[in-house]
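Asker: Let me give you the structure first, and then I'll get to my questions.
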Amino acid sequence: MKKRIFIQNSCLLWLVLWYLVAVFIFIIKQDISFDLSLNLLSPTLSHPFGFDAFGRDLLLVAGEASLISSFFAFSVVCFSFFIGITCGMSLAVMPGFLQIILLRSLDFLLAFPSLLLSLAFAALWGPGWGTLIVSLLIGSLPGFIRFVYVRTRELLLEDYVKASVALGSNIFWILIRHVLPRVLSFCLVKLPNVFSHILLAEATLSFLGVGAPVGANTWGSLLLQGKDYLLEAPHVSIVSGLPLFFTVLSLQLLSEEK
-9 MKKRIFIQNS CLLWLVLWYL VAVFIFIIKQ DISFDLSLNL LSPTLSHPFG
41 FDAFGRDLLL VAGEASLISS FFAFSVVCFS FFIGITCGMS LAVMPGFLQI
91 ILLRSLDFLL AFPSLLLSLA FAALWGPGWG TLIVSLLIGS LPGFIRFVYV
141 RTRELLLEDY VKASVALGSN IFWILIRHVL PRVLSFCLVK LPNVFSHILL
191 AEATLSFLGV GAPVGANTWG SLLLQGKDYL LEAPHVSIVS GLPLFFTVLS
241 LQLLSEEK
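Per the numbering used here, residue -9 is the first one in the sequence shown, and the count goes up by one each step.
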């Protein structure tokens, strides 16, 4: 138990410190300057992350990239929660035949890896912020809707819900009054896990060139830039990838059940 608490506190500390640094950089910085005389310069005491191929301080770039990637990941999570909860709860109380058709459709989508669905849509429409959000939603929604559907069906079998039905309560009132609060609590527990998967998916799509638009600073675009200098300047990929690695790892460890 003590070991688990220590690990989770360490993860929380990393997330707080890194995002505080990123926010501080975002507040105090002006436009990130380009100085080609410093391109690919290795890390130093004054510039602990070194410089990228354009002569930009990688600490500033990585801080900005983490905020941009996290903002879009959080946007996708919010949309997923709203759409997933609405559709999942509605699916749980639909008539049998329509419910079966929609469930089989969900099963069909779940047969494909979520990243593959996102990649297919992003490749079809090309890079862009709107495409990135929609493609990440397409990849995350089927599993989330199924999760909410299962939880809602379980809650509808609870005795207090059956009692409310016996008293003649409207199904809409039952969902809002009795089911929704419990479903929200289940979803909040799942939040760090979903957020970490969205971060990884965004980085993957941007790394493959079908995510964020060209020139945008995201974790994936930094990794894409660094791959061309793995031998000449490996620090570009390392300092870009490590914050993403520790952030995703921390979120995964925080979301683990006891």
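We put the CB at the ideal spot given by N, CA and C, even for glycine.
Computed from a predicted model, the values in this text were never measured in an experiment.
1. In terms of DSSP beta bridges, what is F41 paired with?
2. Hey, would you say L146 sits closer than 8 Å to L195, going by beta carbons?
3. Exposed or buried, which one is S95 when buried takes at least 16 other CB atoms within 10 Å?
4. Ignoring anything shorter than 4 residues or poking outside the stretch 163 to 247, list the alpha helix (DSSP H) runs there in chain order.
5. So for E148, helix, strand or coil by DSSP?
6. Just mark I(-5) as buried or exposed, buried being the case when its beta carbon has 16 or more other beta carbons within 10 Å.
7. As a quick exercise: from G210, L189, L190, pick the residue whose alpha carbon is nearest that of G259.
8. Does the beta-carbon distance from T142 to A82 come in below 8 Å?
9. What whole-angstrom Cβ distance do I128 and L107 have, given they're in contact under 8 Å?
10. Would you tell me roughly how many angstroms separate the C-alpha atoms of V179 and S245, rounded to the nearest one?
11. My output table needs one value for S59: the three-state DSSP class, helix, strand or coil.
12. Within 10 Å of its beta-carbon, does V204 have 16 or more other beta-carbons around it, so buried, or fewer, so exposed?
13. Taking one C-beta from the stretch 7 to 18 and one from the stretch 176 to 193 each time, how about it: are there three or more such pairs within less than 8 Å?
14. Can you tell me the Cα-Cα spacing of S0 and F162, whole angstroms?
15. Tell me which residue opens and which closes the alpha helix (DSSP H) that A113 is part of.
16. Rounded C-beta distance between F44 and F24? I'm assuming under 8 Å.
17. Please state whether DSSP places P121 in a helix, a strand or coil.
18. Hey, L243 and I75 are a contact pair by Cβ (cut 8 Å); roughly how many whole angstroms apart?
19. Can N207 and E54 be called in contact, C-beta distance under 8 Å?
20. Let me check understanding here. Comparing Cα to Cα, which of P171, D47, L30 lies closest to H37?
21. If you reduce the DSSP assignment to three classes, tell me which class T76 lands in.
22. Tell me where the alpha helix (DSSP H) around G86 begins and ends.
23. What's the C-alpha gap between F41 and Q215?
Answerer: Concretely, from the data shown:
1. D47
2. no
3. exposed
4. 170 to 197, 209 to 216, 225 to 245
5. coil
6. exposed
7. No answer is possible for residue 259: it lies beyond the span of the chain, which begins at -9 and ends at 248.
8. yes
9. 5 Å
10. 7 Å
11. helix
12. exposed
13. no
14. 43 Å
15. 104 to 115
16. 5 Å
17. The question names Pro, but residue 121 in the sequence shown is Thr. Note: T121 maps to helix in three-state DSSP.
18. With a Cβ gap of about 25 Å, L243 and I75 do not count as contacting.
19. yes
20. D47
21. helix
22. 86 to 100
23. 12 Å
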